[in-house]
Amino acid sequence: MSHPTVPFDQGLIDDIAARLELRTPNAEALSAVAKQLDGAAGSSVELVCDLATAVGKTYLAAGLIEYLAESGVRNVLFVTPGRTILDKTVANFTDGHKKSVLGGMATRPTVITVENFNTGDVATALADEETVKVFVFNVQALTKPDKATRRTRKFQEWLGEDLYAYLQGRDDLVVIADEHHVYSESAEAFSAAIRDLDPLALVGLTATPAKSDLSKVIYQYPLARAIADKYVKTPVLVGRTDTADSVEVRLRDGLTLLRAKQKAADAYADAHGLPRVNAVMFVVADSIDSAQAVSTVLRRPGMYEHDYEQRVLVVHSKAADDALARLAAVEEPDSPVRVIVSVDMLKEGWDVKNIYVICSLRPSISDVLTEQTLGRGLRLPWGAYTGVELLDTVEVLSHERYESLLAKAGVLLEGLVENRVVPVPTDVPGTTRVVDIDAPDADGHAPAPTDVPVQPTDAETTVLVPTGTATTTCGGGSGATPAGGVPGSATTSATTAPAPAAEPGSDTVTPVPVSPSEEATGGATITSMTERLREAEQQAQSTIEPVAARRQITMPIVERTVIARAFSLSDVDERLFTALGKQIADTAGGGQLARKRLDVIEDPTSPTGLRLVPADAADIIDASTPELPLGNVVSSLKSGILAMEFIDSARRSDGNAARRLADALVAGAGGADHVAPYVNQTLAAVQRLLRQQYRAADEVVDLSVTSTEFGPTRTNSRPVELNRYSPFSRGVAYNSWSERGLHKLNWFDSETERRFANLLDSDTGVTVWARIQRGEFVVEWEGAGTAPTSTPRSAAFTTCSRSRATTGSATRSCCASGPRPSSGPATSPTTASTATGSTCWYPSMW
Numbered sequence: 017m018s019h020p021t022v023p024f025d026q027g028l029i030d031d032i033a034a035r036l037e038l039r040t041p042n043a044e045a046l047s048a049v050a051k052q053l054d055g056a057a058g059s060s061v062e063l064v065c066d067l068a069t070a071v072g073k074t075y076l077a078a079g080l081i082e083y084l085a086e087s088g089v090r091n092v093l094f095v096t097p098g099r100t101i102l103d104k105t106v107a108n109f110t111d112g113h114k115k116s117v118l119g120g121m122a123t124r125p126t127v128i129t130v131e132n133f134n135t136g137d138v139a140t141a142l143a144d145e146e147t148v149k150v151f152v153f154n155v156q157a158l159t160k161p162d163k164a165t166r167r168t169r170k171f172q173e174w175l176g177e178d179l180y181a182y183l184q185g186r187d188d189l190v191v192i193a194d195e196h197h198v199y200s201e202s203a204e205a206f207s208a209a210i211r212d213l214d215p216l217a218l219v220g221l222t223a224t225p226a227k228s229d230l231s232k233v234i235y236q237y238p239l240a241r242a243i244a245d246k247y248v249k250t251p252v253l254v255g256r257t258d259t260a261d262s263v264e265v266r267l268r269d270g271l272t273l274l275r276a277k278q279k280a281a282d283a284y285a286d287a288h289g290l291p292r293v294n295a296v297m298f299v300v301a302d303s304i305d306s307a308q309a310v311s312t313v314l315r316r317p318g319m320y321e322h323d324y325e326q327r328v329l330v331v332h333s334k335a336a337d338d339a340l341a342r343l344a345a346v347e348e349p350d351s352p353v354r355v356i357v358s359v360d361m362l363k364e365g366w367d368v369k370n371i372y373v374i375c376s377l378r379p380s381i382s383d384v385l386t387e388q389t390l391g392r393g394l395r396l397p398w399g400a401y402t403g404v405e406l407l408d409t410v411e412v413l414s415h416e417r418y419e420s421l422l423a424k425a426g427v428l429l430e431g432l433v434e435n436r437v438v439p440v441p442t443d444v445p446g447t448t449r450v451v452d453i454d455a456p457d458a459d460g461h462a463p464a465p466t467d468v469p470v471q472p473t474d475a476e477t478t479v480l481v482p483t484g485t486a487t488t489t490c491g492g493g494s495g496a497t498p499a500g501g502v503p504g505s506a507t508t509s510a511t512t513a514p515a516p517a518a519e520p521g522s523d524t525v526t527p528v529p530v531s532p533s534e535e536a537t538g539g540a541t542i543t544s545m546t547e548r549l550r551e552a553e554q555q556a557q558s559t560i561e562p563v564a565a566r567r568q569i570t571m572p573i574v575e576r577t578v579i580a581r582a583f584s585l586s587d588v589d590e591r592l593f594t595a596l597g598k599q600i601a602d603t604a605g606g607g608q609l610a611r612k613r614l615d616v617i618e619d620p621t622s623p624t625g626l627r628l629v630p631a632d633a634a635d636i637i638d639a640s641t642p643e644l645p646l647g648n649v650v651s652s653l654k655s656g657i658l659a660m661e662f663i664d665s666a667r668r669s670d671g672n673a674a675r676r677l678a679d680a681l682v683a684g685a686g687g688a689d690h691v692a693p694y695v696n697q698t699l700a701a702v703q704r705l706l707r708q709q710y711r712a713a714d715e716v717v718d719l720s721v722t723s724t725e726f727g728p729t730r731t732n733s734r735p736v737e738l739n740r741y742s743p744f745s746r747g748v749a750y751n752s753w754s755e756r757g758l759h760k761l762n763w764f765d766s767e768t769e770r771r772f773a774n775l776l777d778s779d780t781g782v783t784v785w786a787r788i789q790r791g792e793f794v795v796e797w798e799g800a801g802t803a804p805t806s807t808p809r810s811a812a813f814t815t816c817s818r819s820r821a822t823t824g825s826a827t828r829s830c831c832a833s834g835p836r837p838s839s840g841p842a843t844s845p846t847t848a849s850t851a852t853g854s855t856c857w858y859p860s861m862w
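Sequential numbering of the sequence shown, starting at 17, is according to my numbering.
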């Protein structure tokens with residue numbers, strides 16, 4: 017079908033923006049759509065505007081309808097994903113309705129729905145080619161029926177066809193798809209129902225575009241930008257600095273914040289002669305059972321014990337029939353609702369301005385700081401910032417500790433990504449198409465797409481290698497071009513570390529310069545990942561040499577096992593528990609809520625021009641004190657102590673000690689009422705303390721000696737030095753050892769180690785010696801006057817063995833060969849005897 021053209025008219029856009037008081041991003045989005053319609057030149061086109069939640073997509077839609085009507089378009093289909101958004105849209109375009117946006121529009125469209133299209137007024141409008149008609153249907157009403165006939169697909173005698181066919185026959189039909197991601201191409205039935213209409217244009221409005229539709233995005237305005245421009249409330253992360261963490265604690269903190277917000281809202285409205293706004297808390301539950309648990313808590317004393325039914329509204333799939341009606345009236349001045357509990361019911365399309373607190377019962381803060389959930393509280397009650405921080409922010413509470421909440425604030429960084437260059441697949445192999453939507457041409461139209469080569473992937477991924485950096489090749493040349501030189505002329509010195517081999521598909525492979533003179537000098541050359549991997553492999557083969565042991569030697573192993581600890585609960589000092597109780601009383605309850613405002617500021621140095629800057633909220637809000645039943649706190653603590661795995665709960669003395677320690681803690685806290693709200697956290701602290709005491713108790717150790725064969729094959733990538741008496745260097749491997757050395761090549765951490773090895777190698781009484789490298793053998797030892805370490809240490813050691821036939825004092829002679837450290841504790845070598853002689857090993861610091 018051929019479609020009429022819609023010429024671009026910036027003057028008309030400016031006029032509409034002024035009359036509808038469009039925010040800047042909405043006016044920019046309208047202009048972007050108009051340019052694309054002009055560029056389509058009669059062809060059907062699909063466009064997506066990605067605008068942050070609460071910026072005002074409804075006003076963008078109104079501006080687009082006005083622009084289309086002024087340009088001669090008479091048929092607009094508004095498609096919604098569900099009933100909630102459908103009803104809101106009908107209200108938005110109904111003259112006289114309190115939520116109507118028609119005030120600044122010259123057009124007064126006839127709104128047509130499934131319920132009214134069979135009426136006489138609609139029939140008259142359909143017959144009049146000059147009447148602007150806005151059809152508002154949910155997508156289910158348009159899909160092809162499987163069994164029952166949908167009303168839009170049923171033949172209408174007065175129309176001469178069904179309504180869907182009527183829409184298909186309108187060559188000027190423009191479809192506006194609210195929450196466009198719902199109808200992405202991956203949703204086949206919904207997608208077909210809309211795209212089979214063959215409209216002049218399909219314009220999608222969404223804050224969360226589907227990945228399959230990213231190539232259709234012509235305008236983006238992310239949430240972070242909206243926060244920076246102050247078009248939405250600024251989120252504030254709220255946490256506690258104590259250990260209190262329960263559903264009731266979060267709800268009480270939320271209500272505390274809500275009362276502070278309400279007081280500020282009343283004062284602001286009265287001072288400026290504005291209508292009062294009722295502050296509401298939005299509770300996000302992850303299941304109906306969770307929602308019911310919230311209901312139970314909110315009925316408790318000090319909350320909504322006496323007026324729960326009026327103050328709390330629970331909305332889920334099994335909620336009462338009047339729930340949606342009460343929900344629709346939540347912004348009314350006489351609405352008593354102060355808390356809304358939702359279970360996956362109000363993610364999209366429910367737009368109210370008086371949500372001031374969001375309380376999450378979900379397992380992750382990431383689920384809350386998404387536009388679909390956070391968006392429920394972003395709208396500004398009076399349309400603009402008030403200058404009162406409590407009224408210009410939305411509080412977000414989660415079950416996570418405050419420190420964890422703050423660490424995850426960066427989840428909003430998703431909104432800081434303004435990807436203005438959109439990749440589009442093409443039919444040309446090896447290319448992709450990019451459209452820079454920020455760069456219109458001289459006539460104001462969208463620029464033509466440009467085909468560019470696709471970067472290779474996996475093994476053919478290109479990598480940038482700094483020029484001037486030596487990259488050794490098989491022939492000993494370099495893959496880099498030195499400054500002022502020619503390709504391949506660079507040479508590699510012996511001190512250049514080999515380039516690490518990256519796995520296929522990794523981003524970069526770069527040489528690691530060892531000496532300062534070999535650092536990168538700037539610039540970059542491009543080489544393929546396959547070539548770099550081949551070079552690295554060839555280099556590795558040319559420099560890594562296996563070093564096999566000349567023989568296997570028997571090494572003793574001392575296995576040390578802690579079989580018990582000399583711990584008794586009766587020996588625990590109760591003063592530790594008194595101090596713990598005081599600490600709990602000092603940190604639990606009271607104090608102030610920790611509140612961090614997530615500001616977004618302009619930052620020219622950032623790729624997106626924006627930066628997230630957490631800042632302390634200005635207002636001081638006292639944390640709530642949980643009002644929980646005391647119960648038997650001492651009994652609970654005693655039971656928790658006796659349940660620990662290293663305590664004998666059947667022993668009377670341990671039972672008495674547990675009671676004594678629990679009493680000391682409660683006394684230190686100033687009474688059971690100071691512990692009861694935090695009994696679970698207190699018990700965790702008690703168990704941590706007791707485990708510390710248990711680990712500090714004396715060990716009962718079992719020692720056993722076994723042996724193992726030792727003779728590892730090593731790999732050497734160091735230069736080889738034939739003179740083992742030359743000036744010492746840690747970076748070389750020394751050769752020319754006698755047959756007494758277990759390996760023909762050895763390298764050392766210090767000159768002292770090498771000197772000791774030379775002594776052993778020169779001693780004809782030594783049968784074999786070995787420099788044990790790090791990680792090859794685990795030896796546990798004790799220093800003079802110190803207890804054995806409980807954790808075996810993996811380090812470098814030197815071992816030697818003498819034959820009993822050679823010396824009658826094998827152990828003393830062997831172990832006396834090594835010099836002691838010049839400073840520090842005198843660490844003794846560990847010795848074990850075997851059938852043929854003795855073996856000694858020495859820490860590598862010798």
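Quick reminder that beta carbons are idealized off the backbone N, C-alpha and C, glycines included.
task = Sort Ala564, Ala68, Val89 by Cα distance to Ala786 and report the nearest one.
result = Ala564
query = Should Thr272 and Asp638 be called a contact, given that it needs their Cβ atoms to be closer than 8 Å?
reply = yes
key: Integer Cβ distance of Lys104 from Pro125, believed to fall under 8 Å   = Between Pro125 and Lys104 the Cβ distance is about 16 Å, and since that is not below 8 Å, they are no contact.
ask   = By a C-beta neighbour count over all protein chains shown, 10 Å radius and 16 as the cutoff for buried, is Trp174 buried or exposed?
value = exposed
key: For Phe94: DSSP bridge partner residues   = Val152, Ile192
ask   = CB Arg611 to CB Val252, shorter than 8 Å?
value = yes
request  = Only counting runs of 3 or more residues, tell me where the beta strand (DSSP E) segments fall wholly within the segment 592–620, in order along the chain.
outcome  = 610–618
Contact under 8 Å by Cβ, Val300 with Ile371 = no
inquiry  = For Ala78 and Ile29, I'd like the C-alpha separation in whole angstroms.
reply    = 12 Å
Cβ neighbour criterion (16 or more within 10 Å) applied to Phe726 = buried
key: Beta-carbon contacts of Met121 that lie in its chain and below 8 Å, excluding the five residues immediately before and after   = Arg35, Leu36, Ala78, Ile81, Glu82
Of the residues Trp398, Gly136, Ala33, Arg704, the one placed nearest Gly289, counting alpha carbons only = Trp398
message = Out of Thr96, Val313, His332, which one is the CA nearest neighbour of Ile304?
response = His332
inquiry  = Give me the DSSP bridge partner(s) of Thr224.
reply    = DSSP lists no partner for Thr224.
query = Given Ser754, which residues of its chain have a CB within under 6 Å of its CB, disregarding the five upstream and five downstream residues?
reply = Asp777
query = Per DSSP, what kind of secondary structure is Ala540 in: helix, strand or coil?
reply = Caution is warranted here: a pLDDT of 33 is assigned to Ala540, below 50, making its placement in the model unreliable, and the coordinate value is therefore given only provisionally. The answer is strand: DSSP assigns Ala540 an E or B state.
task = In the DSSP assignment, find the unbroken beta strand (DSSP E) run with Val588 in it and report its ends.
result = Counting along the chain, Val588 falls outside any beta strand (DSSP E), and DSSP gives it neither H nor E.
request  = Could you check which residue in Ala712, Val92, Thr74 has the C-alpha nearest to that of Leu118?
outcome  = Thr74
query = Pairing CB atoms from the segment 153–162 with CB atoms from the segment 206–213, are three or more of them under 8 Å?
reply = yes
ask   = CA-CA distance, Ser706 and Leu719?
value = Checking the sequence, you will find Leu at residue 706 rather than Ser. Approximately 27 Å, taken between the alpha carbons.
key: For Asp638, the residue or residues it bridges with in DSSP   = Gln608
task = Specify, as a first and last residue, the run of the alpha helix (DSSP H) that Leu142 falls within.
result = 136–143
inquiry  = Taking the straight line between their C-alpha atoms, what separation do you get for Val191 and Leu93?
reply    = 5 Å
query = For Lys249, which residues from the same chain have a beta carbon less than 7 Å from its beta carbon, with the 5 sequence-adjacent residues on both sides left out?
reply = Gly393, Leu394, Leu396, Asp408, Thr409, Val410
ask   = What does a CB cutoff of less than 6 Å around Gln709 pick up in its chain, not counting 5 residues either side in sequence?
value = Val588
inquiry  = Measuring straight from C-alpha to C-alpha, what distance separates Leu46 and Lys246?
reply    = 20 Å
key: Alpha-carbon to alpha-carbon, Phe662 and Val650   = 20 Å
message = Once DSSP output is grouped into helix, strand and coil, what is the label at Pro125?
response = coil
ask   = Between the Cα of Val233 and the Cα atoms of Val89, Thr224, Ala659, which residue gives the shortest distance?
value = Thr224
key: Spatial neighbours of Ala41 in its chain, beta-carbon cut-off 7 Å, leaving aside the 5 residues before and after   = As written in the sequence, residue 41 is Pro, which differs from the Ala given in the question. So the qualifying residues of the chain are Leu67, Val71, Tyr237.
request  = Determine the direct distance from the alpha carbon of Gln26 to that of Asp187, and round the result to whole angstroms.
outcome  = 24 Å
key: Distance between beta carbons of Glu575 and Gly732, contact taken as under 8 Å   = First, the amino acid is wrong: residue 732 is Asn here, not Gly. Not really, about 32 Å apart at Cβ, beyond 8 Å.
task = Kindly identify the DSSP beta-bridge partner or partners of Gln172.
result = Glu177
task = Report yes if the C-beta distance between Val296 and Glu264 is below 8 Å; otherwise report no.
result = no
query = How about Thr577 and Ser723: do their beta carbons lie closer than 8 Å?
reply = no
inquiry  = I need the boundaries of the beta strand (DSSP E) containing Tyr237, first residue and last residue.
reply    = 233–237
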